[in-house]
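Colleague:
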Amino acid sequence: MSNLKRHYETPAGVVKALDGIDFEIHEGERVILLGPSGSGKTTLLNCLSALDSPTDGSYFFQGEEVPRNHSEKMTSFRRENIGYVFQFFNLLQDLTVMENILLIQELAGKKDSARAEQLLELVGLESEKGRFPGEISGGQQQRVAIARSIAKRPTLLLGDELTGNLDTETSQKVMEVLVDACSKENITAVFVTHDESLVQYATRVIRIDSGRIVSDENTGISAILEEE
Amino acid sequence: MSALLNKRLARSLWGTKLRLVAVIGMIFVGVFAGITFGGYAANIEPMYDSLYEDSETGTNLADLWIDNQSSVWTPEQVEAFCNGVMNSWPSDAASLDACEGRMILKGNLFHTNDTGDHLIPSLWHGIPVDADVDRNWFPEGHSEGRPAAAANEIVMDAHMTEILDINLGSQIEIGVGNGSYEFDVVGIAYHPLHIYLAPEGSIFPPKPGEYAIGYVSDLGMERLSGERVGSANNLMLDIEGTPSFDLPSTEEYEGEDLDGIKLVVSDSMDANELDGRIRDRGQYDAVEFMRQDLEGAKKSTTPFTVMIQAIAAITIALSLQRLVQSQAREIAILRTLGVPRSSLMTGYLFAPLFIGAFGSVLGVLAGPYGMNGMLDFYEELVGLPIIERSIPLELYWNILGLTMLIVFISGVFPAWKATKMEPLEVLGGHSDIRIGSNLLRKMTIWMPTSLGLSIRSSLRKPIRLSMTFLAVGISLMLAGSIQMMTVGLTDSIVGGLEEGQTWDVQVYTLPGGEGAIIEWAEDQGAINETIIELPLGTMEDSSGMERGFTLIALKGYEEGDSMRSVDIIAGEPPSEDSTTTQVMMDEGSLEMAGWAIGETRTIDVAGSTTEVEITGSVRGEVARTMFFLQPDLASITGIEATAVYLQLPNGVEVDESLANVSATIQDRQVLLEGINTLLDQQTQILSTIMGLGVLFTLAVMFNTMVMNIAERDFELATLRVLGASTVGIGTMLLFESIIIGFVGGIVGVAFAFGGAIGLASSFSTWQFYFPVVLVPSVAYQLMGIVLGIAIAMVPIGIWRIRRMDLVEKVKDLSQ
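Going down the list, the protein sequences come from chains Z and A.
70 is the number that the numbering used here gives to position 70 of the first sequence; each next residue is one higher, with no gaps.
Just so we're on the same page, the numbering used here is the position in the second sequence counted from 1, plus 1000.
(1) Going along the chain, which residues of its own chain have a beta-carbon closer than 7 Å to the beta-carbon of Thr-233 (chain Z), five neighbours each way excluded?
(2) Please confirm whether Ile-1796 (chain A) has its beta-carbon closer than 9 Å to some beta-carbon of chain Z.
(3) Using 9 Å as the threshold, is the C-beta distance between Ala-244 (chain Z) and Lys-110 (chain Z) below it?
(4) Output needed in chain order: residues of the region 1297-1322 of chain A with a Cβ under 8 Å from some Cβ in chain Z.
(5) Applying the 10 Å Cβ sphere with the 16-neighbour rule, what's the burial state of Glu-228 (chain Z)?
(6) Would you list the one or two residues that DSSP bridges to Phe-1628 (chain A)?
(7) Is it true that the CB of Ser-37 (chain Z) sits closer than 9 Å to the CB of His-194 (chain Z)?
(8) Report yes or no: is there a C-beta of chain Z within less than 9 Å of the C-beta of Arg-1329 (chain A)?
(9) Any idea which residues DSSP pairs Glu-1613 (chain A) with across the strands?
(10) Which runs of the beta strand (DSSP E), 3 residues or longer, sit entirely within the region 76-156 of chain Z?
(11) Quick one: does Lys-41 (chain Z) have its CB under 9 Å from some CB of chain A?
(12) What's the call for Pro-1192 (chain A), buried or exposed, on a 16-neighbour Cβ count within 10 Å?
(13) For Leu-1695 (chain A), which residues of its own chain have a beta-carbon under 7 Å away from its beta-carbon, when the five flanking residues on both sides are left out?
(14) Please determine, among A:Leu-1633, A:Thr-1625, A:Leu-1590, the residue with the shortest C-alpha to C-alpha distance to Thr-1609 (chain A).
(15) Tyr-1215 (chain A) and Leu-1197 (chain A) - do their beta-carbons sit closer together than 9 Å?
(16) Would Ala-1351 (chain A) and Ala-1010 (chain A) qualify as a contact pair, given that the criterion is a beta-carbon distance under 9 Å?
(17) With distance defined between alpha-carbon atoms, name the residue in A:Gln-1669, A:Met-1421, A:Met-1485 nearest to Gln-1501 (chain A).
(18) Which same chain residues, not among the five before or five after Phe-1742 (chain A), have their C-beta less than 7 Å away from its C-beta?
(19) Just list the residues that DSSP pairs Gly-1107 (chain A) with in beta bridges.
(20) Establish whether the CB of Leu-48 (chain Z) and some CB of chain A are separated by less than 9 Å.
(21) Gly-20 (chain Z) touches chain A at which residues, Cβ-Cβ below 8 Å?
(22) Taking any Cβ of chain A, which residues in the region 61-82 of chain Z have a Cβ under 9 Å from it, in chain order?
(23) Determine, for Gly-1730 (chain A), whether the minimum Cβ-Cβ distance to residues of chain Z falls below 9 Å.
(24) Output the boundary residues of the alpha helix (DSSP H) element that contains Pro-1535 (chain A).
(25) So, Asp-1184 (chain A) versus Ile-1154 (chain A), is the Cβ gap smaller than 9 Å?
(26) Could you check whether the Cβ of Ile-1740 (chain A) sits closer than 9 Å to any Cβ belonging to chain Z?
(27) Quick one: Cα of Asp-112 (chain Z) to Cα of Ile-1311 (chain A), how far?
(28) Taking only runs that begin and end inside the region 1266-1314 of chain A, name each unbroken beta strand (DSSP E) of 3 or more residues, in chain order.
(29) What are the residues in the region 125-137 of chain Z lying within 7 Å of chain A by C-beta distance?
(30) Taking a contact to mean a Cβ-Cβ separation below 9 Å, would you say Gly-1748 (chain A) touches Thr-1683 (chain A) in this structure?
(31) Can you pull the chain Z neighbours of Ser-1725 (chain A), defined as C-beta to C-beta under 8 Å?
(32) Could you give the DSSP three-state label for Phe-1204 (chain A): helix, strand or coil?
(33) Would you identify the three-state DSSP class for Lys-73 (chain Z), choosing helix, strand or coil?
(34) Counting pairs of Cβ atoms below 8 Å between the region 1651-1671 of chain A and the region 1599-1606 of chain A, do you hit three or more?
(35) Any chance you could list the alpha helix (DSSP H) runs of at least 4 consecutive residues sitting entirely within the region 1362-1444 of chain A, in chain order?
Shown next, in the form of structure tokens:
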């Protein structure tokens, strides 16, 4: 991303949600975006996922410019490259755990039941595959959401406050699963959070305030999870 | 606080303008239809009353008629009969006001116009100038002249004078089978037995100008028929007041007042050797048809209004319920802040009333136009002027009361749901947790996941879906039931007349006159076939009621036996070799009389009792009919033929020489055109009702589909964020729409068929039986409409998904 800006016209004047963001994320990195409320971190995540179009600046993904202001092309970009984990899991209540994963594969044209099973094993929920989301805990739902988000083999996994709705112990379990999955699947990840304790799972931490990057540091943690 | 909450609710409703307009539109149509039908009935009823009453301006409709179309009674017989009746009149009955004999004869009008000479089938009444009963009606401003008095004077029925260009002072030429005679038109008026201009035995009036009715004096009838003044083939009895008669449209028997009188009449007929059938107002088709039309309009008012308002109420209830759901958090917060349940409730209770009031006002404003339109249509169809038009205040109150009650009920459930919400559950997110159905999972597990999701999503709210199907069903009942009934009727009647009959003209004759007609036919090289057609049968049905019916006798009922083929739907044709006379009956007769094939029953034919064995059931007869083999009926009645069917060779047409030896001549093509003209007129009304039903279906389906999609914003946004294309989601929506459309269509057809059966059984009487046949084309059409509407909603869903602001949705998803 180079000099990326996202400005909003409001009756009160122009709001500069992002005001010249420059950074490069490398394959395999796990980046955490930290910042206070209103700092622009969610807007940055939206631009990264092509949910939102920047007002100015450039955004290249694996050497290709990311589409903007074109809903279908942006959707297509997400379908091919992006995985997304929500704070409230957003699993489809009428589908079972397994079916939630299969649906995303099916809509991406990559249906693969064996992989879905494998992913459930990866997140430790193979025994829950026939249950509905309403029948499992929040932490388990978030692990299903992680499995779902990587089911179509995205290049980049994004998460917005993905542990914000979980207690500390469950958050840790979820993050461990996530790190494990990213490591094994070789997925680059960017997470937005308020929670400083999650820094321990990141290879890099970017702090944002008022739409600008105020710090960008490597944590020294290896991207590849070492086998215990 | 309540006022603010209600304001908030009003704003939310205003946010669903399209749905709001649709619901207001439905209520408007319900009130409009109620006032239209109710107003129509309210204006027609007093008109019939004043037409039938014994007054200066009324016609004094008789209470009993006796007729025999196969012979003429002498003046002495008539007098003796009337004296006999008077002398033995029951002491406990209302007094006899009049007993009069009349001649009523079929004949022809020899009419010449720009296109040449025409023979118009006609009916001629002989009405003495001092007649007390069944006089002509001369409504002020809609009639001309005076009753006929001299031997060369005639009053023409106003139904056809304009089209035939007959005016006061015109000279016309008429005949009844013994030459032609000129008459001067001295009046243009109406008659109580010919309000609706259909020949006896038919509910279809011939094409305008193809049937004529005139009223000569007794002297004129003497000249026309060659019979002495006072001769008669009809007798009319007028009783003081209007004694109640049995209504064929009810299960109960209301005719006790006339029972004793009919017995006296029958005895007097026997004593004077008169053969004939006795009919009261309920048994006289021409009178009963108009009463039933009126009764139908009265009966339709409430069900029509209720049906339409029920559709509106379901739509309101579903919309409010959805609103409660979408405002759950706000309601929970308000409840947490201490707002009482009653404050929350009032808005949801009053909102439907405001919507109802708005739609009602529009309906009340437009209602009189609808009523006038329907009365205009009546004038055009029936040809009778409606002089005074007004809508009783009571009708307004009834329709509005009913409407407001129904729409009020629609708000009760949403209001109750709103107040039952527990703030802790809603704010804690517990109310969002829902566990999918294992049954649905098992049923759809074999499907692609996206299609399985479509089915599960469709069935997620079974009550809403059921209510939607109910509303679709009612809408299609409105659209389809009348259509099903009329298409079934048309198919069997018009189809039979078009394809099952090969005669060109039916030439009616007085008894013994068929020889001259056959001679004419043979001279012209026309194929001929004599038939007997007499409306003189009577029977006692399974409930003990006396019923009149038409007797028809043909040479045979196998293919090619007769120019008139009948559609035998069960049993076998009659056989000549049987010891008991074998007959077939139309399906309506069998059903309504409670008789069955294989039974032997006793009937009365023109006064003589005979036993018949029923061998078959026939479809396609509006009138109740019994089919005999010709020799059988001829031996019972002593009449060989009442009409001759002719197949005319190319270039041969009926002429004056045939008219001079026949009673009347009916052209099959003219008969068909008349039926088709009537059906075309009916189609105008049907199309309007059907269009309304389709509009309602559209509104209901639109409401449900929009709610379904709105409610699934959460999951559709999730799928979009995760990269699902609009094509993928669109396919899911399409599949969902097809399921809802398909099931809705089946429900709709079932409702329409059920409605058609209900309508047919409510309209079917002994005189007019409506068979209900499930015509596949109508069923497919109805299913296609619902399916089409459901599928048409998919682009709306896709449009909504395309314009979805995913950034905002992601924010929502994170809250």
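In this text, a Cβ means the ideal position worked out from N, Cα and C, and glycines have one as well.
What you are looking at is a predicted structure, and each value in this text was computed from that prediction instead of being measured.
Modeller: Checking against the coordinates, here is how it stands:
(1) Residue coverage of chain Z in this structure runs from 1 to 228, which leaves residue 233 (chain Z) outside it and unanswerable.
(2) Taking Cβ atoms only, chain Z never reaches closer than 9 Å to Ile-1796 (chain A), which makes this a no.
(3) Because residue 244 (chain Z) is not part of the residues shown, which for chain Z are 1 to 228, the question remains open.
(4) Under the 8 Å Cβ criterion, the region 1297-1322 of chain A contributes no residue.
(5) Because Glu-228 (chain Z) carries a pLDDT of 42, less than 50, the predicted location of this residue cannot be relied on, and the following value inherits that uncertainty. Burial is judged here by how many other beta carbons sit within 10 angstroms of a residue's own beta carbon; Glu-228 (chain Z) has fewer than 16 and is exposed.
(6) According to DSSP, which records beta bridges pairwise, Phe-1628 (chain A) is partnered with A:Ala-1553.
(7) It is a contact, given that the beta carbons lie within the stated cut-off.
(8) Taking Cβ atoms only, chain Z never reaches closer than 9 Å to Arg-1329 (chain A), which makes this a no.
(9) For Glu-1613 (chain A), which the question treats as bridged, DSSP gives the partners A:Gln-1582, A:Thr-1600.
(10) Taking only runs of at least 3 residues, the beta strand (DSSP E) segments lying wholly in the region 76-156 of chain Z are 82-85.
(11) Chain A contact via Cβ: absent.
(12) Under this definition Pro-1192 (chain A) is a buried residue.
(13) If we look at Leu-1695 (chain A) and ignore the five residues flanking it on each side, it has no Cβ neighbours.
(14) It is A:Leu-1633.
(15) In this structure, Tyr-1215 (chain A) does not lie closer than 9 Å to Leu-1197 (chain A) by Cβ.
(16) Cβ atoms of Ala-1351 (chain A) and Ala-1010 (chain A): closer than 9 Å.
(17) If we check each option's Cα against that of Gln-1501 (chain A), A:Gln-1669 comes out closest.
(18) Correct list, in chain order: Leu-1787.
(19) As computed with DSSP, Gly-1107 (chain A) is found in a beta bridge with A:Ser-1122.
(20) No, Leu-48 (chain Z) lies away from the interface with chain A (no Cβ there is under 9 Å from its Cβ).
(21) None at all; the shortest Cβ gap to chain A is about 20 Å.
(22) So the close ones are Ser-71, Glu-72, Met-74, Thr-75, Ser-76, Phe-77, Arg-78, Arg-79, Glu-80, Asn-81, Ile-82.
(23) With respect to chain Z, the C-beta atom of Gly-1730 (chain A) has no partner C-beta closer than 9 Å.
(24) Where Pro-1535 (chain A) is concerned, there is no enclosing alpha helix (DSSP H), although the beta strand (DSSP E) it sits in stretches over 1527-1540.
(25) Contact: yes.
(26) For Ile-1740 (chain A), the answer is no, since every Cβ of chain Z falls outside 9 Å of its Cβ.
(27) Going by C-alpha positions, Asp-112 (chain Z) is about 46 Å away from Ile-1311 (chain A).
(28) Taking 3 residues as the minimum length, the beta strand (DSSP E) runs contained wholly in the region 1266-1314 of chain A are 1277-1280, in order along the chain.
(29) For the region 125-137 of chain Z, which is checked against every Cβ of chain A, the residues closer than 7 Å are Phe-132, Gly-134, Glu-135.
(30) No, the Cβ-Cβ distance between Gly-1748 (chain A) and Thr-1683 (chain A) is not below 9 Å.
(31) Residues of chain Z passing the Cβ test: Glu-72, Thr-75, Ser-76, Arg-79, Leu-107.
(32) In this structure, Phe-1204 (chain A) counts as coil in the three-state DSSP scheme.
(33) Three-state DSSP puts Lys-73 (chain Z) in a helix.
(34) Contact fails: fewer than three Cβ-Cβ distances are below 8 Å.
(35) For the region 1362-1444 of chain A, whole alpha helix (DSSP H) runs of length 4 or above, ordered along the chain, are 1393-1419, 1423-1427, 1438-1444.
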